[in-house]
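Peer 1: Chains as they are written, first to last, in the UniProt record's numbering: chain A, 1 to 220; chain B, 1 to 134. Cβ coordinates follow ideal geometry from the N, Cα and C atoms, glycine included. Sharing a structure with you now.
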C-alpha cells in the first residue's frame, strides 16, 4: 500500500509542478519516476518488490490503451476528411523514425538490449511495454526509452517544425504524435484543439504501425 | 426499445456510468487478449481490443456515452499508469555513459520521423473549413 500511495502522490505533485512551471521538463511522469526511484534507491528496495505491490495500477494499462479508441472515434469526421494527409504523413514519419532508430543504433554498435528497446520508442509507452515480450527487450528499458522519446520530442519538435516551415496545425500535431506519442500530445494540445486532435491520431497510427513492424520482425 | 435503453443509461449517475465504462474497457481488453491467444497473433491484446472497440462504436453496438467518462478518466492519468514501468530505469543505471548514445539515437529518430511526417502531412492536407484556407 505505501508504494501505491507514494506513486499517486508523486504523480499529483508532478501535475501541480507542471501547472506552476511551463517547461516540458516539468512532466508528471518524469517527476513521479524520479521521486519514486529516489525513494527506492535510498531505501535499497528492489524494483521487483515495488512492481509486485503496485500491480493494481499496472492492471489499468490495458483498458487505458483500449480507451484510445474514444478520441479517435470522436474525431472520425476529421479523420475521414483528411485521411490521406494523416495516414500517409503519420505512417511515413513513424516508419522513418523507427528506421532511423534501428539504423543509428546498429551504426553506433549499441547493445542488443538497447537496439530492441529503441525499436518501439516511437510508440506510446504502454504499447512499447506490451511489445517488449515480442522484441525480447527488457520491458523496463523499452518503457523508459519510450517515455523519454515523448519527453525529448515534446521539448525539441515544436521548434524544429517551425524551423523547417511546417505551419499547418494538423501537420504539426500529426508529426508530434507520430513519434512523441502521449507526452508529445499533451504538448501539442497547448498549440490548439486541432493540433492536439491530429497528435492523438498520430499517436494511434504509430501504435498500430510499430505493432505491425514488430510483428513482422519477430516472425522473420 | 433503443429509446428506452438510451433514456435508461442517461439516468445512470456519473460514478455508475464510470463503472460501466471501465467494465466495458476491461472487457474489450480481455476480448482482445483472448483473440490474440486463440489466433496466436504476435500483437498485444490491448491494441486488438482498441480496434475491436472502435469497430463496436462504429457499428453502434457500444454507445459513446457508456464509455466516454471512463475513457477520458483513464486517458487523463495515462502518464501515471506507466510510472511503475519507467521506475525500472534504476535497473539500468549501470549503463552509465551509454545513456548519451541512446538519447542521441532517439533524437535523430525524432527529428527525421517528425520532420518527414510534418512535411508530408502539410503537403497532403486538404484545404477546408479548418481555418487554414489555402
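For residue 181(A), would you say it is in contact with chain B, using Cβ-to-Cβ distances shorter than 7 angstroms as the test?
Peer 2: Closer than 7 angstroms: no.
Peer 1: Is there at least one Cβ from chain A nearer than 7 angstroms to residue 126(B)'s Cβ?
Peer 2: Chain A contact via Cβ: present.
Peer 1: Residues in the segment 132–149 of chain A with C-beta within 9 angstroms of chain B's C-beta atoms, listed in sequence order?
Peer 2: Correct list: 133, 134, 138, 139, 140, 141, 142, 143, 144, 145, 146, 147, 148, 149.
Peer 1: Should residue 43(A) go down as buried or exposed, given a rule of 16 or more other Cβ atoms within 10 Å for buried?
Peer 2: It is exposed - the Cβ of residue 43(A) has fewer than 16 other Cβ atoms within 10 Å.
Peer 1: Are at least three pairs of beta-carbons, each pair with one atom in the segment 58–77 of chain B and one in the segment 63–70 of chain A, less than 8 angstroms apart?
Peer 2: Contact holds: three or more Cβ-Cβ distances are below 8 angstroms.
Peer 1: Unbroken beta strand (DSSP E) runs of length 3 or more, entirely within the segment 91–117 of chain A: which are they?
Peer 2: Those beta strand (DSSP E) runs which fall completely within the segment 91–117 of chain A and span 3+ residues do not exist here.
Peer 1: Whose Cβ in chain B lies nearer than 7 angstroms to the Cβ of residue 96(A)?
Peer 2: Those within 7 angstroms of residue 96(A) in chain B are 112, 113, 116.
Peer 1: Use the C-beta contact count for residue 155(A): other C-beta atoms within 10 angstroms, 16 or more gives buried, fewer gives exposed.
Peer 2: It counts as buried.
Peer 1: Which chain B residues sit within Cβ distance under 7 angstroms of residue 105(A)?
Peer 2: Ordered by position in chain B, the residues that pass the 7 angstroms Cβ test against residue 105(A) are 105.
Peer 1: Count the other C-beta atoms from every protein chain shown that fall within 10 angstroms of the C-beta of residue 203(A), then say buried if there are 16 or more, exposed otherwise.
Peer 2: Buried: at least 16 other Cβ atoms inside 10 Å.
Peer 1: Between 178(A), 111(A), 96(A), which has its C-alpha nearest residue 92(B)'s C-alpha?
Peer 2: Selected option, being the one with the closest Cα: 111(A).
Peer 1: Which two residues bound the contiguous alpha helix (DSSP H) that contains residue 122(A)?
Peer 2: Premise fails: residue 122(A) is in no alpha helix (DSSP H) and is neither H nor E.
Peer 1: Below 6 angstroms CB to CB, which residues in the same chain sit around residue 65(A) once its five sequence neighbours on both sides are set aside?
Peer 2: Taken in chain order, the residues that qualify are 126.
Peer 1: Below 8 angstroms, can you find three or more Cβ-Cβ pairs linking the segment 156–175 of chain A to the segment 116–125 of chain B?
Peer 2: With a cut-off of 8 angstroms, the segment 116–125 of chain B and the segment 156–175 of chain A count as touching, because enough Cβ pairs lie within range.
Peer 1: So residue 151(A) and residue 183(A) are in contact, right, with Cβ under 8 angstroms, and what is the actual spacing, rounded?
Peer 2: Going by Cβ atoms, the distance from residue 151(A) to residue 183(A) rounds to 5 angstroms, so yes, they are a contact pair.
Peer 1: Answer with yes or no whether the minimum CB distance from residue 70(A) to chain B is below 7 angstroms.
Peer 2: Closer than 7 angstroms to some Cβ of chain B, the Cβ of residue 70(A) qualifies, so yes.
Peer 1: Grab me the residues of residue 98(A)'s own chain with a C-beta within less than 7 angstroms of its C-beta, minus the 5 sequence neighbours each way, in chain order.
Peer 2: So the qualifying residues of the chain are 119, 122, 210, 213.
Peer 1: Return yes when the Cβ of residue 145(A) is within less than 7 angstroms of the Cβ of residue 117(A), no when it is not.
Peer 2: Closer than 7 angstroms, so yes.
Peer 1: Nearest chain B C-beta to residue 166(A) closer than 7 angstroms, yes or no?
Peer 2: By this cut-off, residue 166(A) is an interface position.
Peer 1: Between residue 23(A) and chain B, is there a C-beta pair that is closer than 7 angstroms?
Peer 2: No - not a single Cβ of chain B is within 7 angstroms of the one on residue 23(A).
Peer 1: State the Cα-Cα distance for the pair residue 108(B) and residue 96(A), rounded to the nearest angstrom.
Peer 2: Approximately 10 angstroms, taken between the alpha carbons.
Peer 1: Classify residue 174(A) as helix, strand or coil using the three-state DSSP reduction.
Peer 2: Residue state, collapsed to three classes: helix.
Peer 1: For residue 36(A), collect the residues of the same chain with a Cβ closer than 7 angstroms to its Cβ; drop the 5 residues on either side in sequence, then sort them by chain order.
Peer 2: These residues qualify, in order along the chain: 6, 7, 10.
Peer 1: The alpha helix (DSSP H) with residue 22(A) in it runs from where to where?
Peer 2: Careful: residue 22(A) lies outside any alpha helix (DSSP H) and carries neither H nor E.
Peer 1: Does residue 133(B) pass the burial test, meaning 16 or more other C-beta atoms within 10 Å, or should it be called exposed?
Peer 2: Only weak support exists for where residue 133(B) lies, its pLDDT of 38 falling under 50; the coordinates are left without a value.
Peer 1: Below 7 angstroms between beta carbons: does that hold for residue 206(A) and residue 94(A)?
Peer 2: Yes, Cβ-Cβ distance for residue 206(A) and residue 94(A) is below 7 angstroms.
Peer 1: Could you give the distance in angstroms between the alpha-carbon of residue 10(B) and the alpha-carbon of residue 62(B)?
Peer 2: Cα to Cα, the separation comes out at about 14 angstroms.
Peer 1: Can you tell me the Cα-Cα spacing of residue 4(A) and residue 181(A), whole angstroms?
Peer 2: Using only the alpha carbons, I get a separation of about 25 angstroms.
Peer 1: I want to know whether the segment 128–142 of chain A touches the segment 82–99 of chain B - three or more CB-CB distances under 8 angstroms.
Peer 2: At 8 angstroms Cβ cutoff, the stretches touch.
Peer 1: Can residue 68(A) be considered in contact with the ligand FAD, in the sense that its beta carbon sits closer than 6 angstroms to one or more heavy atoms?
Peer 2: With respect to the ligand FAD, the structure shown offers nothing to examine, as it has no ligands at all.
Peer 1: Mind pulling the beta strand (DSSP E) runs of 3 or more residues that sit fully within the segment 53–118 of chain B?
Peer 2: Fully enclosed beta strand (DSSP E) runs of 3 or longer: not present.
Peer 1: Verify whether the separation of the beta carbon atoms of residue 49(B) and residue 18(B) is less than 7 angstroms.
Peer 2: Contact flag unset, no.
Peer 1: Could you give the DSSP three-state label for residue 169(A): helix, strand or coil?
Peer 2: If DSSP states are grouped into helix, strand and coil, residue 169(A) belongs with the helices.
Peer 1: Indicate the three-state DSSP secondary structure (helix, strand or coil) for residue 221(A) in the structure shown.
Peer 2: No answer is possible for residue 221(A): the residues shown for chain A start at 1 and end at 220.
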